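I have placed the structure first, in the form of structure tokens, so that the comments after it can refer back to it.
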Amino acid sequence: MALRERESPLAAFLRAEVPDWDDEVVSRARFKGFSGQRVDWENRLQFWKDLVVKCACHLGVVAIEPSKVQHQWFVREGLTPLGMSTVLTEMRKSGELQTREELMRPKATLTQYTGSVFQQVFAWMGNQVRGTADAAQPSLMPDMLIVTPLLQDRSAAVIKKLSEAEWRHVCVVTMMRFRELCGSSETADLLMALLINQGRVRHIKLGGKENIEGIKIALKDEPVADSSEFDSHLLRLHWTLERLQQQINVLDVRIASSRTATLLALKSRDKKGALRHAHRMKVLMASKEKCETSMDRIDEILTSIADAEATRKVADAVKVGAQAIKDNHVTLVEVQTCLDEVDEAISQQRETQASLDADMDLEVEFSLLEAELDNGSITEINNLPEVGHKEKLPAHLRSSHLDASNTSVSTSEGSIEGSAKLADHQEEESADSLERAFKKLELELA
């Protein structure tokens with residue numbers, strides 16, 4: 002009974018993610034160890050690898066503790082998967098799990114790890130020869146492993162957020178801002194190690210009492226150049242902007258406190274206390290205005306820097322174009338002719354698009370007209386005379402029909418002949434009416 006009370010802290014998530022998690026037969030097959038040919042348990046191995054990544058993502062972590070994964074994450078009725086150590090080992094071999102050292106120095110650490118694996122294999126073979134195969138194999142798992150796919154996803158999300166606020170392909174941010182985007186200091190350190198190994202980040206540290214730190218990060222998948230003095234000035238501006246914002250937040254709290262104290266003093270009829278708190282609130286509001294003015298000034302400087310850089314890039318593009326003209330021996334007249342041809346092509350394209358839009362409008366109007374004509378045709382056809390209905394017959398046919406019916410022709414041949422004549426008259430009348438209706442429609446369509 003005690004075993005059944007033990008359950009994974011992720012039990013609800015596992016039941017939602019794996020519909021047959023509580024199936025006894027299926028779970029027994031999943032929880033057994035990996036033995037035999039790899040082909041026989043490759044699918045089961047992939048199942049556990051995917052589930053480990055999904056559980057880490059559900060917990061919102063990029064680093065996992067192997068001991069918890071093996072003994073807590075997948076507990077079901079007091080039982081744990083027997084092959085979980087094999088799963089984690091295979092994930093390390095494929096690079097899905099890494100230690101912090103491997104993330105920062107992948108090649109050297111990976112070689113050391115491979116050597117340790119061979120040592121363990123040789124030790125196990127020695128135990129087999131000595132008849133001690135049943136001895137427990139030493140664990141290769143470290144205390145902490147990084148889930149590489151989740152770290153890469155977090156990296157893409159952070160870079161996307163930075164790209165939304167920066168039009169350049171390289172930006173400079175403070176470490177505080179970078180940690181806020183990453184969610185925690187630990188994740189920021191891991192992500193920074195990953196990006197440094199990829200060559201997409203340069204660490205910037207300014208001397209002085211402030212201890213200003215930041216990074217220069219490439220927003221595209223390409224190496225970033227070393228930090229320059231210009232990058233250091235940008236970092237200091239961003240750091241000052243953040244400090245001013247922090248100061249404004251503190252002033253907002255103090256202003257709210259002073260306002261509350263002033264109201265309480267007025268309610269208690271303490272005029273001196275109310276004046277004192279009001280004066281303090283006024284001083285705080287003046288300080289806040291100064292901070293906001295400084296922030297606006299820094300924003301203007303950053304905007305001017307961005308505009309200057311854009312202008313510089315345009316100037317560089319113009320220089321490249323001029324050099325290309327010289328290298329290819331192209332005259333200014335030819336360049337102007339080419340530009341005129343481009344303008345003419347653009348104008349023709351716009352005219353073509355306008356014509357297409359007009360044709361679409363005509364098609365819509367034509368469709369509406371056809372619908373109206375179809376409705377009119379149906380009305381005309383519904384008003385056509387019905388064949389064989391004596392009320393719709395002409396007067397002379399209606400009287401002849403009545404006479405024929407009243408005289409009671411004695412022979413069957415006479416009856417047949419009279420009926421045939423009546424049908425002929427009705428068909429001729431219906432044909433004439435149809436012909437007139439169709440002529441009327443043709444005139445309307447014309």
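If you want the working numbering, it's the position in the sequence shown, counting the first as 1, plus 1. Ideal Cβ positions, reconstructed from N, Cα and C, are used throughout, including at glycine. Note that the coordinates shown come from a computational prediction; the quantities given were computed from them, not determined experimentally.
Put residue i into one of helix, strand or coil per three-state DSSP.
{"i": "R261", "result": "The sequence given here places Thr at residue 261; Arg does not occur at that position. Reduced to three states, the DSSP call for T261 is helix."}
{"i": "L80", "result": "strand"}
{"i": "A64", "result": "strand"}
{"i": "T100", "result": "coil"}
{"i": "L340", "result": "helix"}
{"i": "L220", "result": "coil"}
{"i": "V40", "result": "helix"}
{"i": "H170", "result": "coil"}
{"i": "S332", "result": "Looking at the sequence itself, residue 332 is Thr, so the reference to Ser does not match. In the structure shown, T332 sits in coil (DSSP, three-state: anything other than H, G, I, E or B)."}
{"i": "L52", "result": "helix"}
{"i": "E18", "result": "helix"}
{"i": "L11", "result": "coil"}
{"i": "G215", "result": "strand"}
{"i": "K327", "result": "helix"}
{"i": "K94", "result": "helix"}
{"i": "R201", "result": "coil"}
{"i": "K206", "result": "strand"}
{"i": "V225", "result": "coil"}
{"i": "T408", "result": "Per-residue confidence for T408 stands at a pLDDT of 45, beneath the threshold of 50, marking its modelled position as unreliable; the derived number appears in the next sentence. DSSP places T408 in helix when its eight states are reduced to three."}
Suppose you measure from the CA of residue i to the CA of residue j; what does that come to, to the nearest Å?
{"i": "R155", "j": "L192", "result": "8 Å"}
{"i": "I65", "j": "Q248", "result": "37 Å"}
{"i": "I160", "j": "V202", "result": "11 Å"}
{"i": "H204", "j": "I216", "result": "5 Å"}
{"i": "A12", "j": "E181", "result": "31 Å"}
{"i": "G79", "j": "S258", "result": "54 Å"}
{"i": "M286", "j": "K221", "result": "43 Å"}
{"i": "A57", "j": "R45", "result": "19 Å"}
{"i": "D344", "j": "E211", "result": "55 Å"}
{"i": "L1", "j": "E43", "result": "Because the chain here runs from 2 to 447, residue 1 falls outside it and cannot be looked at."}
{"i": "L163", "j": "I218", "result": "9 Å"}
{"i": "P10", "j": "L60", "result": "11 Å"}
{"i": "T261", "j": "S269", "result": "12 Å"}
{"i": "D24", "j": "Q73", "result": "19 Å"}
{"i": "A346", "j": "Q354", "result": "12 Å"}
{"i": "F14", "j": "P20", "result": "10 Å"}
{"i": "E214", "j": "A194", "result": "15 Å"}
{"i": "E310", "j": "V76", "result": "58 Å"}
{"i": "E301", "j": "H330", "result": "43 Å"}
{"i": "Q153", "j": "I197", "result": "13 Å"}
{"i": "S185", "j": "R313", "result": "37 Å"}
{"i": "K94", "j": "R101", "result": "15 Å"}
{"i": "H170", "j": "E230", "result": "18 Å"}
Which whole-angstrom value is the C-beta distance of residue i and residue j, which I expect to be below 8 Å?
{"i": "M142", "j": "L89", "result": "6 Å"}
{"i": "W22", "j": "R16", "result": "5 Å"}
{"i": "C292", "j": "L245", "result": "5 Å"}
{"i": "K50", "j": "M92", "result": "6 Å"}
{"i": "V40", "j": "V53", "result": "V40 to V53, Cβ: 22 Å. No contact."}
{"i": "E1", "j": "T149", "result": "Residue numbering for the chain in the displayed model covers 2 to 447; residue 1 lies beyond these limits and cannot be assessed."}
{"i": "L146", "j": "Q99", "result": "7 Å"}
{"i": "H278", "j": "A266", "result": "6 Å"}
{"i": "L252", "j": "K289", "result": "4 Å"}
Between residue i and chain B, is there a C-beta pair that is closer than 8 Å?
{"i": "K94", "result": "Here there is only one protein chain, and chain B is not present."}
Across the region 222-242 and the region 170-184, are there enough close Cβ pairs to call them in contact, namely three or more that are closer than 8 Å?
Flag = yes, the region 222-242 and the region 170-184 touch.
Quick check on the DSSP output: what are the complete alpha helix (DSSP H) runs of length 4 or more inside the region 230-304, in order along the chain?
230-268, all fully within the region 230-304.
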